[in-house]
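**Student:** Pasting a structure here, questions to come.
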Amino acid sequence: MSASLRRRTRVLALANQKGGVGKTTTAINLGTALAAVGERLLIIDLDPQGNASTGLGIDDRHRKVSTFDVLSGKATLAEARVPTAVPRLSLVPATIDLIAFEREPGGAGRHYKLRDVIAAAAAGEGEDAPSYVLIDCPPSLNLLTINALVAADAVLVPLQCEFFALEGLAQLMRTIEEIRVRLNPKLIIHGVVLTMYDQRTVLSDQVVDDVRRVLGDKVYTTIIPRNVRVAESPSAGKPVLLYDYRCSGSQAYIQLASEVIERERRMRVA
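Converting from the sequence shown to our numbering requires adding 189 to each position, the first position being numbered 1.
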């Protein structure tokens, strides 16, 4: 961890109940970009589809301990962590078993399980604690997503540059506000990142203008372009920064990582 950013672990939930917006892609590649500049990263795959695990090259054979085991109290976060091909980036993988978490008993305490797991891990890690924990949420506002929002310091919202970009965002914002009031008063919106931008279309520019007009400075300056190398990289089990460092998608995620760090600095000063 860089000396200027030596601090307690920051937990960011990547959430949007709409699927196909680049949420998992952003978790993988933002995490990789942050690790590339010296941060220590942990990605928690909280989606039963396990796409973040696959995209980081962790196949089913290496998911012997998963996020379901951690949330169920059968394993610690340390026991579930696996290294990746990216230096300083580790992963807690997901399996389809995670679907069963919704059906487990536990009452209101179920909302705090991930928060308590992360807190317990941080207490035992000391200087080895990650700079950031990124939680890749499922594409729904279910118990898993609520756990992520309760555990998080802030929410990062990927938003696709398409006609219905703002559809459903109001519901997510209401959910975030409800979590803040009832379960996690420290929760804030870190920012909204526009993804899958196609510079060849007028529509993409219109969406960018509309989102910036509605959300103002909550929207990151960085825009993630639609890029074939980004789309190809999960099939190789690699972040795009390892798959093709020079492509426009890789460079955009490097810029986003810089912007995230800068926002973190401003938040600490404030």
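Every residue, glycine too, gets a C-beta built ideally from N, C-alpha and C.
What is the DSSP secondary structure of L245, counted as helix, strand or coil?
**Tutor:** Coil, per DSSP.
**Student:** Cβ of L479 within 9 Å of Cβ of V346?
**Tutor:** No information on residue 479 is available, as it lies outside the stretch 190 to 459 that the chain covers here.
**Student:** Looking at the secondary structure, which residues open and close the alpha helix (DSSP H) in which L404 lies?
**Tutor:** Annotation for L404: the continuous alpha helix (DSSP H) segment containing it runs 391-404.
**Student:** For I324, which beta-bridge partners are listed by DSSP?
**Tutor:** A202, I233
**Student:** Roughly how many whole angstroms lie between the Cα atoms of S447 and R455?
**Tutor:** Cα to Cα, the separation comes out at about 12 Å.
**Student:** Where does Q444 sit, in a helix, a strand or coil, going by DSSP?
**Tutor:** helix
**Student:** Output the boundary residues of the alpha helix (DSSP H) element that contains L278.
**Tutor:** Run containing L278: none in the alpha helix (DSSP H); it sits in the beta strand (DSSP E), 278-281.
**Student:** Which runs of the beta strand (DSSP E) at least 3 residues long sit entirely within the segment 366-392? Give them in chain order.
**Tutor:** Counting whole runs of 3 or more residues, the segment 366-392 contains the beta strand (DSSP E) stretches 377-386.
**Student:** For the segment 333-346 against the segment 310-321, are there 3 or more C-beta pairs whose distance is under 8 Å?
**Tutor:** Contact between the segment 333-346 and the segment 310-321 is absent: fewer than 3 CB-CB pairs across the two stretches fall below 8 Å.
**Student:** What does a CB cutoff of less than 7 Å around F257 pick up in its chain, not counting 5 residues either side in sequence?
**Tutor:** Excluding positions up to five away in sequence, the list reads T284, D286, L287, A289, F290.
**Student:** What is the C-beta distance between L361 and N240, in whole angstroms, given that I count them as a contact (C-beta under 8 Å)?
**Tutor:** 20 Å between Cβ atoms; not a contact.
**Student:** Please report the distance separating the alpha-carbon of D249 from that of V259.
**Tutor:** 17 Å
**Student:** Reducing DSSP to helix, strand and coil, say where P423 ends up.
**Tutor:** helix
**Student:** Tell me the DSSP secondary structure of A341 in three-state form.
**Tutor:** A341: coil per DSSP, three-state reduction.
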